[in-house]
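Working notes, beginning with the structure itself.
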Amino acid sequence: SRRLPRPRSLSQVYGKEQIKDAWGTDKVLSGWQRSTPSQPKESQRSFIKTNRLALKEGCLTVKSQRAYAQEHQNIFFEQPSGKATQMK
């Protein structure tokens, strides 16, 4: 059978001993930096939204959906607001 290493102190029960550093939980959380998503350089077409609108218009075949997409090339993704996410 395999022997486990002896703990260095009585407070350590099992596993690797964790050595505490100077940063406590309060310092880590108060210094937390929130990220802000960057805006894309240019808008991209939304093929999912285009396909859904084509189906609502009655385009049930691939050929009719492709024709709808060619006629309606101005359907784009909605841009993200760029606001920081609120943590609760």
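Just so we're aligned, residue 90 is where the sequence shown starts under this note's numbering, counting upward by one.
For every residue, glycine included, the Cβ atom is placed at its ideal position computed from N, Cα and C.
Assuming Ala143 and Gln133 make a contact with CB atoms under 8 Å, what is their CB distance in whole Å?
-> Your pair Ala143 and Gln133 does not check out as a contact, with CB atoms roughly 18 Å apart and the cut at 8 Å.
With which residues is Arg134 paired in a DSSP beta bridge?
-> In the DSSP output, where bridge partners are listed per residue, Arg134 has Phe165.
Under a three-way DSSP split, which group does Ser119 fall into?
-> Under the three-state reduction of DSSP output, Ser119 falls in the helix class.
By Cβ distance, which residues of its chain are closer than 7 Å to Ser135, with the 5 residues on each side in sequence left out?
-> These residues qualify, in order along the chain: Ile164, Phe165 and Phe166.
Is Lys177 helix, strand or coil by DSSP?
-> In this prediction, Lys177 has a pLDDT of 48, which is less than 50 and means its spatial position is unreliable; what the coordinates show is noted afterwards. Correct three-state label for Lys177: coil.
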